[in-house]
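Visitor: Below you will find the structure I want to go over with you.
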Amino acid sequence: METLEGFNQALFLAINGTLATPAWLVGAAMLIADYAIYLIPLLLAAMWLCGSKAQRSLAIRACLVAMLGVGANQLIGLAWQHPRPFMIGLGHTFLPHTPDSSFPSDHATVFAGIALTLLLRDARWLGVLTLLAGVSVAWARVFLGVHFPLDMFGAAAVAGVAYALIAPIWHLAGSAVTRWLIVVYRKLLARPIDLGWLRR
Numbered sequence: 001m002e003t004l005e006g007f008n009q010a011l012f013l014a015i016n017g018t019l020a021t022p023a024w025l026v027g028a029a030m031l032i033a034d035y036a037i038y039l040i041p042l043l044l045a046a047m048w049l050c051g052s053k054a055q056r057s058l059a060i061r062a063c064l065v066a067m068l069g070v071g072a073n074q075l076i077g078l079a080w081q082h083p084r085p086f087m088i089g090l091g092h093t094f095l096p097h098t099p100d101s102s103f104p105s106d107h108a109t110v111f112a113g114i115a116l117t118l119l120l121r122d123a124r125w126l127g128v129l130t131l132l133a134g135v136s137v138a139w140a141r142v143f144l145g146v147h148f149p150l151d152m153f154g155a156a157a158v159a160g161v162a163y164a165l166i167a168p169i170w171h172l173a174g175s176a177v178t179r180w181l182i183v184v185y186r187k188l189l190a191r192p193i194d195l196g197w198l199r200r
């Protein structure tokens, strides 16, 4: 365990920014770390509003995988409190963050869960783009000093488990859940749908 933690810290220091890092690079990393996560709801909303029934079903499934993964992260954080780099005085911190458990990364779990679902369910180009965005976010949050590299690998593992747990449930109930949500959507937004502003 000590060897793994030593590797984790050494890899962190290799990625983490320094006081000599150009301000533009720190600024770019902060934009990615703080705001790239908003691409996820935009992506899922676009799949729902502009996509077919199959794409809507995929958006729901991806959302459930991400939600289960983040929920699991909370339990892991309660069971095992792993400090963030700045909590042990390691490296440089450029992004203010609550001193809570670092493992696994919620941001990386969301991106990994969405990307994995898209990649494995015939939306590969969207999955690849989501994966690339997720890798950028993972780099940025380590670079800025709020996460360790293994927090990101742990997030990918959690996302994989979440996908595996959702898969059999979705096989049994996915179609029914999708149909029900489409009915709710059409009732709640009947007016803009009738006007042609939203897809039926």
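Here full-length UniProt numbering is used: the sequence shown runs in plain steps of one and ends on residue 200.
Ideal Cβ placement from N, Cα and C applies to all residues, glycine included.
Using a Cβ-Cβ cutoff of less than 7 Å, which residues in the same chain neighbour Arg141 once the five nearest sequence positions on both sides are dropped?
Guide: In the sequence shown, residue 141 corresponds to position 141, counting from 1. Once the five neighbours on either side are set aside, the close Cβ partners of Arg141 are Ala33, Ser105, His107 and His147.
Visitor: Among the residues of its own chain, which have a CB less than 7 Å from the CB of His92, if the five just before and after it don't count?
Guide: For the purposes of this step, residue 92 is identified with residue 92 of the sequence shown, where counting begins at 1. Counting only Cβ-Cβ distances below 7 Å, and skipping sequence neighbours, we find Asn16, Gly17, Thr18, Leu19 and Gly145.
Visitor: Indicate whether Arg61 and Thr98 have their beta-carbon atoms separated by less than 9 Å.
Guide: As a working mapping, residue 61 is identified with position 61 in the sequence shown. As a working mapping, residue 98 is identified with position 98 in the sequence shown. Their beta carbons are not under 9 Å apart, which means Arg61 does not touch Thr98 by this criterion.
Visitor: Let's test the definition: count the other Cβ atoms within 10 Å of the Cβ of residue 280 and tell me whether it reaches 16, buried, or not, exposed.
Guide: Only positions 1 to 200 of the chain appear in the structure, and residue 280 is not among them; the question remains open.
Visitor: Using only alpha-carbon positions, find the residue among Val158, Arg191 and Leu198 that is nearest to Asn73.
Guide: Counting from 1 along the sequence shown, the entry for residue 73 is found at position 73. Answer by Cα proximity: Val158.
Visitor: Excluding sequence positions up to five away, which residues of its chain have a Cβ less than 8 Å from the Cβ of Arg56?
Guide: Locating residue 56 in the sequence shown gives position 56, counting from the first residue. Excluding positions up to five away in sequence, the list reads Met47, Trp48, Thr178, Leu181 and Ile182.
Visitor: Provide the residue span of the alpha helix (DSSP H) that contains Met67, from first to last.
Guide: Mapped onto the sequence shown, residue 67 falls at position 67. Met67 -> alpha helix (DSSP H) spans Lys53 to Ala79.
Visitor: Whose C-beta lies closer than 6 Å to the C-beta of Leu150 among residues of the same chain, with five residues either side of it excluded?
Guide: In the sequence shown, the residue the question calls residue 150 occupies position 150. Excluding positions up to five away in sequence, the list reads Asn8.
Visitor: Rounded to whole angstroms, how far is the Cβ of Ala29 from the Cβ of Phe143, which I believe are closer than 8 Å?
Guide: As a working mapping, residue 29 is identified with position 29 in the sequence shown. As a working mapping, residue 143 is identified with position 143 in the sequence shown. 5 Å between Cβ atoms; contact.
Visitor: Which residues mark the beginning and the end of the alpha helix (DSSP H) in which Tyr35 is found?
Guide: Indexing the sequence shown from 1 puts residue 35 at position 35. Note, Tyr35: alpha helix (DSSP H), Ala23 to Tyr35.
Visitor: What does a CB cutoff of less than 6 Å around Ala66 pick up in its chain, not counting 5 residues either side in sequence?
Guide: Your numbering for residue 66 matches position 66 in the sequence shown. So the qualifying residues of the chain are Val110, Gly113 and Ile114.
Visitor: Would you mind working out which of Trp125, Pro22 and Gly69 sits nearest Ala156, comparing C-alpha positions?
Guide: As a working mapping, residue 156 is identified with position 156 in the sequence shown. When each option's Cα is compared against that of Ala156, the closest is Gly69.
Visitor: Nearest by alpha-carbon distance to Lys53: which of Ala10, Ala133, Ser175 and Ile193 is it?
Guide: Within the sequence shown, the letter at position 53 stands for residue 53. Closest by alpha carbon: Ser175.
Visitor: Nearest to Leu4 by alpha carbon, out of Phe153, Leu78 and Leu189?
Guide: In the sequence shown, the residue the question calls residue 4 occupies position 4. Checked all of Phe153, Leu78 and Leu189; the closest Cα to Leu4 is Phe153.
Visitor: Any idea what DSSP makes of Arg121, helix, strand or coil?
Guide: Position 121 of the sequence shown, counted from the first residue, corresponds to residue 121. Coil.
Visitor: Find the nearest neighbour of Arg84 within the set Ile76, Ser102, Leu75 and Gly77, judged by alpha-carbon distance.
Guide: For the purposes of this step, residue 84 is taken as the residue at position 84 of the sequence shown. It is Ser102 whose Cα lies nearest to the Cα of Arg84.
Visitor: For Trp197, which three-state DSSP category applies?
Guide: As a working note, residue 197 is residue 197 in the sequence shown. It is coil, neither helix nor strand.
Visitor: Spatial neighbours of Leu165 within its chain, please: CB distance less than 7 Å, with the 5 preceding and 5 following residues excluded, ordered by chain position.
Guide: Taking the sequence shown and counting its residues from 1, one reaches residue 165 at position 165. Excluding positions up to five away in sequence, the list reads Leu68.
Visitor: Do Leu131 and Leu120 have their CB atoms nearer than 9 Å?
Guide: Here the question's residue 131 lines up with position 131 in the sequence shown. Here the question's residue 120 lines up with position 120 in the sequence shown. No, the Cβ-Cβ distance between Leu131 and Leu120 is not below 9 Å.
Visitor: For His171 and Leu129, what's the separation of their Cα atoms in angstroms?
Guide: Start at 1 with the first residue of the sequence shown, and residue 171 comes out as number 171. Start at 1 with the first residue of the sequence shown, and residue 129 comes out as number 129. Taking the straight line joining both Cα atoms gives about 26 Å.
Visitor: Quick check on the DSSP output: the alpha helix (DSSP H) that includes Ala20 runs from which residue to which?
Guide: As a first step, residue 20 is located in the sequence shown; it is residue number 20 there, counting from the start. First-last for Ala20: undefined, no H or E at that position.
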